[in-house]
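Notes for the one structure printed next.
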């Protein structure tokens with residue numbers, strides 16, 4: 015009886031264990047240990063037409079602040095603010111009353127000096143005649159000749175007063191020093207202005223205009239060569255990006271490289287000149303100068319989407335068939351297994367060329383670069399190369 019009960023207990027327990035084991039579900043794999051499907055791009059050197067870009071500032075080739083050379087009240091303005099003016103054109107008039115009076119006084123002074131000179135000349139001639147006949151004292155003759163010489167000098171001084179007064183009167187009219195465009199007037203009719211102090215307006219040339227930008231001293235030989243180079247018709251070594259990122263339609267050329275390098279920054283200023291027939295460019299505008307880089311040789315290119323930025327640094331992932339320990343895989347069976355892994359490489363980037371970007375350092379030609387999904391990629395992650403779709 016005891017044997018029967020023991021056998022039933024064993025059978026029942028075995029059945030229970032069988033049922034329990036049959037209901038147990040398999041443990042799903044850890045997603046971190048699964049290979050990530052990727053597409054690869056073979057980094058290669060190609061001829062690339064691209065542009066180096068520099069921040070620049072538009073400047074006038076000629077620009078001057080107009081300051082009066084006479085003082086008084088503004089009595090008239092002869093131009094419209096912002097309009098083009100010609101060299102010598104009247105712009106402002108300063109009260110001329112005092113200067114006209116000064117000129118009249120100087121003219122009267124000349125007349126008085128001329129009359130005194132005429133009288134002194136007559137006296138001198140008379141005493142010379144008397145002296146020839148020994149009818150006058152030598153001292154009297156000397157005095158007459160001295161008076162004559164003084165009268166001549168006084169007439170010269172009076173004439174110079176006329177020149178001075180005429181100049182002051184002329185300065186009461188402010189004229190354009192060169193062909194250009196005026197700005198907003200800083201004074202109005204009735205404003206009191208001081209000699210050399212008050213800014214009346216600013217006039218500048220705007221066609222052509224210049225663009226100043228700064229380069230590293232290491233680039234001086236390149237830009238010196240570009241200065242001598244002539245672009246083909248319809249082509250340009252230099253293009254301009256306006257503040258709205260539109261491309262300015264006219265080409266530019268180098269007019270000068272500054273005389274010296276800034277010893278503190280190791281940089282030097284380069285000036286370009288652009289035609290401005292449509293008056294689209296204004297002094298003071300910020301812009302971007304694009305310099306065509308046509309002699310750099312083949313460049314190492316990768317897709318732009320293959321690059322990831324982290325804390326201001328740039329990285330790409332390359333595929334390697336290597337034996338590594340994957341820190342994301344905690345199962346013993348995958349430790350030290352030969353498989354394709356993503357390896358992170360820090361890179362230094364160059365210019366963007368269409369949908370690709372130049373890599374200066376960090377990878378080599380022939381490296382298999384992971385071309386997509388890099389934002390979520392991890393260094394050392396298992397990867398699986400996707401099959402290319404069949405050609406249609």
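In this note's numbering, the protein residues as written are 15 to 406. Glycine included, every Cβ here is placed at the ideal spot set by N, Cα and C.
Legend entry - Enclosing beta strand (DSSP E) for residue 253 [first to last residue]: Stepping through the chain shown from its first residue, residue 253 is reached at position 239. First-last of the beta strand (DSSP E) with residue 253: 252-255.
Legend entry - Secondary structure, alpha helix (DSSP H): runs of 4+ residues fully inside the region 58-146: Every alpha helix (DSSP H) stretch that sits fully inside the region 58-146 and reaches 4 residues is listed by chain position as 111-146.
Legend entry - For residue 372 and residue 364, believed in contact at Cβ under 8 Å, the rounded distance: On the chain shown, residue 364 is found 350 positions in, with the first residue counted as 1. On the chain shown, residue 372 is found 358 positions in, with the first residue counted as 1. Correct: roughly 3 Å between the Cβ atoms.
Inset, instruction - Helix, strand or coil for residue 148, going by three-state DSSP, please let me know. - result: Sequence index remark: in the chain shown, residue 148 carries index 134 (1-based). Looking at residue 148 - three-state DSSP - the assignment turns out to be coil, as it is neither helix nor strand.
Inset, instruction - Answer yes if the region 85-99 comes into contact with the region 230-245, meaning at least three C-beta pairs across the two stretches below 8 Å, and no otherwise. - result: no
Legend entry - Residue span of the beta strand (DSSP E) that contains residue 377, given as start and end: Translated into the one-based positions of the chain shown, residue 377 becomes position 363. Unbroken run through residue 377: none, as it is neither H nor E.
Inset, instruction - Check the C-beta distance from residue 238 over to residue 287 and give it rounded, since I have them as a contact under 8 Å. - result: Residue mapping note: residue 238 aligns to position 224 of the chain shown, counting from 1. Residue mapping note: residue 287 aligns to position 273 of the chain shown, counting from 1. Not really, about 17 Å apart at Cβ, beyond 8 Å.
Inset, instruction - Just the C-alpha distance for residue 161 and residue 132, rounded to the nearest angstrom, thanks. - result: Position 147 of the chain shown, counted from the first residue, corresponds to residue 161. Position 118 of the chain shown, counted from the first residue, corresponds to residue 132. Whole-angstrom Cα-Cα distance: 11 Å.
Inset, instruction - Grab the span of the alpha helix (DSSP H) containing residue 237 for me, first residue to last. - result: Locating residue 237 in the chain shown gives position 223, counting from the first residue. Per DSSP, residue 237 belongs to the alpha helix (DSSP H) from 234-242.
Legend entry - Residues that residue 226 bridges to, as DSSP identifies them: Within the chain shown, numbered from 1, the residue matching residue 226 stands at position 212. Residue 226 is bridged to 71 and 285.
Legend entry - Separation of residue 181 from residue 163, as counted between CA atoms: Locating residue 163 in the chain shown gives position 149, counting from the first residue. Locating residue 181 in the chain shown gives position 167, counting from the first residue. The straight-line gap from Cα to Cα measures roughly 27 Å.
Legend entry - Nearest residue (CA-CA) to residue 97, options 203, 359 and 199: As a first step, residue 97 is located in the chain shown; it is residue number 83 there, counting from the start. Ranking the options by Cα distance to residue 97, first place goes to 199.
Legend entry - Three-pair Cβ contact test at 8 Å for the region 263-281 versus the region 190-206: no
Inset, instruction - Could you tell me the distance, in whole angstroms, from the CA atom of residue 118 to the CA atom of residue 138? - result: On the chain shown, position 104 is the one that residue 118 refers to. On the chain shown, position 124 is the one that residue 138 refers to. Straight-line Cα distance between these residues: approximately 30 Å.
Legend entry - Proximity of residue 265 and residue 253 at Cβ, strictly below 8 Å: Here residue 265 refers to the residue found at position 251 when the chain shown is read from its first residue. Here residue 253 refers to the residue found at position 239 when the chain shown is read from its first residue. It is a contact, given that the beta carbons lie within the stated cut-off.
Legend entry - Assumed close pair residue 213, residue 78 - CB separation to whole angstroms, cut-off 8 Å: As a position in the chain shown, residue 213 is number 199, starting the count at 1. As a position in the chain shown, residue 78 is number 64, starting the count at 1. Residue 213 to residue 78, Cβ: 10 Å. No contact.
Legend entry - Whole-angstrom distance between residue 361 and residue 377, CA atom to CA atom: As a first step, residue 377 is located in the chain shown; it is residue number 363 there, counting from the start. As a first step, residue 361 is located in the chain shown; it is residue number 347 there, counting from the start. Approximately 7 Å, taken between the alpha carbons.
Legend entry - Coil, strand or helix - residue 313 by DSSP: To locate residue 313, count along the chain shown from 1; it is residue 299. It is a strand residue.
Inset, instruction - Below 7 Å CB to CB, which residues in the same chain sit around residue 114 once its five sequence neighbours on both sides are set aside? - result: As a working note, residue 114 is residue 100 in the chain shown. Excluding residues within five positions, the ones whose Cβ falls inside 7 Å are 183.
Legend entry - Under the three-state DSSP convention, the category residue 391 falls into: The residue you call residue 391 lines up with position 377 of the chain shown. The answer is coil: DSSP assigns residue 391 none of H, G, I, E or B.
Inset, instruction - With a threshold of 16 other CB atoms inside 10 Å of the CB of residue 368, please say whether the residue is buried or exposed. - result: Stepping through the chain shown from its first residue, residue 368 is reached at position 354. Per the 10 Å Cβ criterion, exposed.
Legend entry - Continuous beta strand (DSSP E) stretch holding residue 55: start and end: Here residue 55 refers to the residue found at position 41 when the chain shown is read from its first residue. It spans 54-56 - the beta strand (DSSP E) in which residue 55 sits, taken as one unbroken run.
Inset, instruction - Over the uninterrupted beta strand (DSSP E) stretch that includes residue 186, give me the two end residues. - result: Translated into positions along the chain shown, residue 186 becomes position 172. Note, residue 186: premise wrong, no beta strand (DSSP E); not H, not E.
Inset, instruction - Give a yes or no on contact between the region 61-73 and the region 300-320, applying the rule of three or more CB pairs nearer than 8 Å. - result: yes
Inset, instruction - Counting only the same chain and skipping the five closest in sequence on each side, list residues whose C-beta sits under 6 Å from that of residue 275. - result: Working through the chain shown from its first residue, we reach residue 275 at position 261. Correct list, in chain order: 231 and 282.
Inset, instruction - Flag this pair as touching only if the region 285-301 and the region 324-333 have three or more C-beta atom pairs under 8 Å; answer yes or no. - result: no
Inset, instruction - Put residue 363 into one of helix, strand or coil per three-state DSSP. - result: As a working note, residue 363 is residue 349 in the chain shown. It is a strand residue.
Inset, instruction - Classify residue 216 as helix, strand or coil using the three-state DSSP reduction. - result: As a first step, residue 216 must be located in the chain shown, where it is residue number 202. The answer is strand: DSSP assigns residue 216 an E or B state.
Legend entry - Contact set for residue 158: own chain, Cβ-Cβ below 7 Å, skip 5 residues either direction: In the chain shown, counting from the first residue as 1, residue 158 sits at position 144. Excluding sequence neighbours, residue 158 sits near 137, 138 and 141.
Inset, instruction - Could you check what DSSP says for residue 358 in three-state terms: helix, strand or coil? - result: Numbered from its first residue, the chain shown carries residue 358 at position 344. The three-state secondary structure of residue 358, taken from DSSP, is strand.
Legend entry - Sequence-distant residues of the same chain with beta carbon closer than 8 Å to residue 186, five excluded per side: Locating residue 186 in the chain shown gives position 172, where the first residue counts as 1. These residues qualify, in order along the chain: 84, 86, 107, 108, 109, 110 and 113.
Inset, instruction - Could you tell me whether the Cβ atoms of residue 75 and residue 196 are closer together than 8 Å? - result: By 1-based counting over the chain shown, the position of residue 75 is 61. By 1-based counting over the chain shown, the position of residue 196 is 182. No. Outside cutoff.
Inset, instruction - For the beta strand (DSSP E) containing residue 194, list its first residue and its last residue. - result: Translated into the one-based positions of the chain shown, residue 194 becomes position 180. It spans 194-196 - the beta strand (DSSP E) in which residue 194 sits, taken as one unbroken run.
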